[in-house]
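S.K.:
In the numbering used here, the protein residues as written are 8 to 309.
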């Protein structure tokens with residue numbers, strides 16, 4: 008990952024298309040950094056507060072894109088983007104479009120072709136923080152596609168958060184976004200399920216979190232994964248400190264505990280099934296990280 012070279016001053020004109028909570032946060036961050044800002048939204052009233060702060064409200068999408076060399080798009084999805092820009096095709100020629108919609112890698116690659124057909128330069132991106140953190144230290148935005156386009160939009164991108172360039176494949180930002188969010192949901196589900204387990208014995212979430220989040224996650228889970236990440240790249244899963252069978256035994260105990268305590272048992276049961284598949288496929292003597300090889304493959308058809 009790389010970041011753009013520092014550029015100054017922050018006075019480049021920028022357009023923001025889409026003023027939901029996130030789009031509004033992006034626009035405010037750009038205004039705060041001194042960018043002359045043009046905004047457009049299907050519901051014009053959503054621009055009122057930004058106009059009072061110095062933004063210019065465009066009457067049409069074509070007018071909005073024509074007002075700035077760089078346009079930031081923050082809409083629901085790629086199809087919404089195509090529909091909104093249908094009336095502005097001519098205005099896109101020679102402009103830089105930075106798309107911060109959510110979607111899939113295939114959609115991101117198609118968007119690059121869509122922009123190229125209209126003569127626009129395109130960069131795909133993903134916002135990795137909620138609206139209140141936009142523009143704040145530590146807020147990370149992911150981008151992929153043309154490095155030249157990334158550099159051209161660098162001042163605007165740096166005004167919204169810490170911009171990380173992932174590479175020339177335009178689908179990488181969306182792919183990273185999906186992967187990181189999947190990790191977030193899996194981690195949250197793990198904590199919530201574990202809290203429900205101890206909660207069955209009247210342990211409070213606050214009490215459990217002190218041990219689970221204050222010690223176990225950073226000291227055991229995070230450090231273990233960071234230390235063993237190189238082995239994932241090598242496909243090296245030595246079982247000298249614990250085999251897949253040992254982990255399957257633990258997952259069986261976890262599942263039985265959930266049943267005994269009267270809490271939801273689908274999550275540990277699924278993890279047990281994945282470990283069983285790893286053993287079936289020949290990883291019985293390897294450590295638990297060998298399930299990485301199972302995750303690399305598509306789920307078998309049923």
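Built from N, CA and C at the ideal position, the CB exists for glycine as well.
May I ask you to report which of helix, strand or coil DSSP gives residue 132?
M.R.: Within the chain shown, numbered from 1, the residue matching residue 132 stands at position 125. Residue 132: strand per DSSP, three-state reduction.
S.K.: Who are residue 148's beta bridge partners in DSSP?
M.R.: As a position in the chain shown, residue 148 is number 141, starting the count at 1. In the DSSP output, where bridge partners are listed per residue, residue 148 has 134 and 170.
S.K.: Taking one C-beta from the region 102 to 122 and one from the region 189 to 205 each time, how about it: are there three or more such pairs within less than 8 Å?
M.R.: no
S.K.: Thinking C-beta only, is residue 208 closer than 8 Å to residue 133?
M.R.: Residue 133 sits at position 126 when you count from the first residue of the chain shown. Residue 208 sits at position 201 when you count from the first residue of the chain shown. Result no, Cβ atoms of residue 133 and residue 208 do not sit closer than 8 Å.
S.K.: Within 10 angstroms of the Cβ of residue 218, are there 16 or more other Cβ atoms? Answer buried if so, exposed if not.
M.R.: In the chain shown, residue 218 corresponds to position 211, counting from 1. By the 10 Å Cβ count, residue 218 comes out exposed.
S.K.: Just to check my reading of the structure: residue 37 and residue 146 have Cβ atoms closer than 8 Å, yes? What is that Cβ distance to the nearest angstrom?
M.R.: For the purposes of this step, residue 37 is taken as residue 30 along the chain shown, with counting starting at 1. For the purposes of this step, residue 146 is taken as residue 139 along the chain shown, with counting starting at 1. That belief does not hold up - the Cβ atoms of residue 37 and residue 146 are roughly 13 Å apart, past 8 Å.
S.K.: Apart from the five residues on each side of it in sequence, which residues of its chain come closer than 8 Å, Cβ to Cβ, to residue 74?
M.R.: On the chain shown, residue 74 is found 67 positions in, with the first residue counted as 1. Short of 8 Å from the beta carbon of residue 74, and not among the five residues preceding or following it, lie these beta carbons of its own chain, in chain order: 20, 22, 45, 63 and 65.
S.K.: Could you tell me which of 71, 26, 25 and 67 sits nearest to residue 43, measuring between CA atoms?
M.R.: As a first step, residue 43 is located in the chain shown; it is residue number 36 there, counting from the start. If we check each option's Cα against that of residue 43, 71 comes out closest.
S.K.: Sort 257, 88, 232 and 287 by Cα distance to residue 276 and report the nearest one.
M.R.: Residue 276 sits at position 269 when you count from the first residue of the chain shown. Among 257, 88, 232 and 287, the Cα nearest to that of residue 276 is on 257.
S.K.: Residue 282 and residue 298 look like a contact to me (Cβ under 8 Å); what is the Cβ gap, rounded to whole Å?
M.R.: Position 275 of the chain shown, counted from the start, is the residue given in the question as residue 282. Position 291 of the chain shown, counted from the start, is the residue given in the question as residue 298. That belief holds up - the Cβ atoms of residue 282 and residue 298 are roughly 7 Å apart, short of 8 Å.
S.K.: Kindly indicate the opening and closing residues of the beta strand (DSSP E) around residue 59.
M.R.: By one-based count along the chain shown, residue 59 stands at place 52. That residue, residue 59, is in no beta strand (DSSP E); its alpha helix (DSSP H) goes 55 to 59.
S.K.: At a cut of 8 Å, does the region 123 to 142 reach the region 93 to 108 through at least three beta carbon pairs?
M.R.: yes
S.K.: What's the gap between the Cα of residue 280 and the Cα of residue 137?
M.R.: Indexing the chain shown from 1 puts residue 280 at position 273. Indexing the chain shown from 1 puts residue 137 at position 130. So the two alpha carbons sit approximately 34 Å from each other.
S.K.: When the distance is taken between beta carbons, is residue 296 closer than 8 Å to residue 238?
M.R.: As a working note, residue 238 is residue 231 in the chain shown. As a working note, residue 296 is residue 289 in the chain shown. Closer than 8 Å, so yes.
S.K.: Mind reading off the beta-carbon distance from residue 90 to residue 119? Whole number of angstroms is fine, and I expect it under 8 Å.
M.R.: Sequence index remark: in the chain shown, residue 90 carries index 83 (1-based). Sequence index remark: in the chain shown, residue 119 carries index 112 (1-based). Not really, about 18 Å apart at Cβ, beyond 8 Å.
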